[in-house]
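J.: In full-length UniProt numbering, the protein residues as written are 1 to 183. Even glycine gets a Cβ: it sits at the ideal position worked out from N, Cα and C. Fair warning: this is a prediction, and the values are worked out from it, not measured in the lab. Quick one: structure below, then a few questions.
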Amino acid sequence: MGLHPVEAGPGAFKAALGSLAASVTVITLSGAGRPLGMTATAFSSVSLDPLLILVCVNRSTRSYEHIAAAGRFGVNILGSAAREISDHCARPGADKALRPEWLAPEDGWRSPALAGALAFLDCAIERDVHAGTHAVLIGAVDGIGLGATHEPLLHFRGTYRQLRARNHHPRPRPLPITLEEPA
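This is the structure in structure tokens:
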């Protein structure tokens with residue numbers, strides 16, 4: 001079965017973008033004097049020099065209001081054991097306060113960090129670009145935390161997925177590469 005054209009609209013657009021397997025992140029922020037989180041898959045690296053990332057946040061949410069007011073946010077890349085946190089932070093319109101047991105110790109982070117994250121990026125807003133219903137927030141990374149080495153939490157076509165290796169090798173096999181001097 002090949003591709004077939006469909007009418008371009010919000011439903012088809014969401015279905016098409018749902019076909020992109022994505023890492024699940026929780027954007028953390030301090031709002032109303034407490035740590036809050038929102039689940040996001042619209043996250044990407046932008047630049048290594050300077051260190052920049054981007055996240056897309058719906059401008060009609062309280063989370064966006066808090067992030068814009070604070071001028072910063074954290075990006076927590078979730079592992080497969082963090083479904084409960086992702087679900088909690090994905091509930092539309094609900095209070096998304098983070099439970100104390102989910103939080104990492106405050107090791108100099110300016111944004112809340114999640115204890116079980118695979119990685120954490122502490123960011124100051126470099127740019128806030130309005131694009132339709134959303135804001136594209138470009139964050140300047142000023143802190144990095146590396147965490148557990150378990151499998152990532154992935155989202156694909158409306159559900160969580162896990163990586164499954166066909167052939168598990170305890171150590172990666174080196175590629176047969178020969179380097180030649182230029183003539």
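(1) What separation, rounded to the nearest whole angstrom, lies between the Cα atoms of Ala119 and Ala69?
(2) For the putative contact between Ser80 and Leu153, defined by C-beta atoms under 8 Å, what is the C-beta separation to the nearest angstrom?
(3) Got a sec? Which residues, its chain only, sit under 7 Å from Pro50 by beta carbon, not counting five neighbours each side?
(4) Measuring CB to CB, does Ala82 end up less than 7 Å from Gly37?
(5) Whole angstroms is fine: what's the gap from residue 221's alpha carbon to Arg62's?
(6) How about Gly143 and Asp122: do their beta carbons lie closer than 7 Å?
(7) How many Å lie between Arg59 and Ala135 at the Cα?
(8) For Ser19 and Arg110, which I take to be in contact (beta-carbon distance under 8 Å), what is that distance rounded to the nearest angstrom?
(9) Which runs of the beta strand (DSSP E), 3 residues or longer, sit entirely within the region 39-93?
(10) Using only CA atoms, which one of Pro5, Val24, Arg164, Gly31 lies nearest to Pro112?
(11) Over the uninterrupted beta strand (DSSP E) stretch that includes Leu17, give me the two end residues.
(12) With Arg114 and Ala124 assumed to form a contact (beta carbons below 8 Å), what rounded beta-carbon distance in angstroms separates them?
T.: If we stick to the structure as given:
(1) Roughly 25 Å separates the two Cα atoms.
(2) A Cβ-Cβ distance of about 5 Å is found for the pair Ser80 and Leu153, placing them in contact under the 8 Å criterion.
(3) Within the same chain, Pro50 has close Cβ partners Ala140.
(4) Not a contact, by the Cβ cut-off of 7 Å.
(5) Because residue 221 is not part of the residues shown, which for the chain are 1 to 183, the question remains open.
(6) Cβ distance < 7 Å, so Gly143 and Asp122 count as in contact.
(7) Straight through space, the alpha carbons of Ala135 and Arg59 are spaced by roughly 6 Å.
(8) The C-beta separation of Ser19 from Arg110 comes to about 36 Å, leaving the pair out of contact by the 8 Å criterion.
(9) Whole beta strand (DSSP E) segments, 3+ residues: 43-48, 51-58, 72-77.
(10) Considering only Pro5, Val24, Arg164, Gly31, the residue with the shortest C-alpha distance to Pro112 is Gly31.
(11) From DSSP, Leu17 is part of no beta strand (DSSP E) but of the alpha helix (DSSP H) over 10-18.
(12) Note that residue 114 corresponds to Leu in the displayed sequence, not to Arg. That pair is no contact at about 19 Å.
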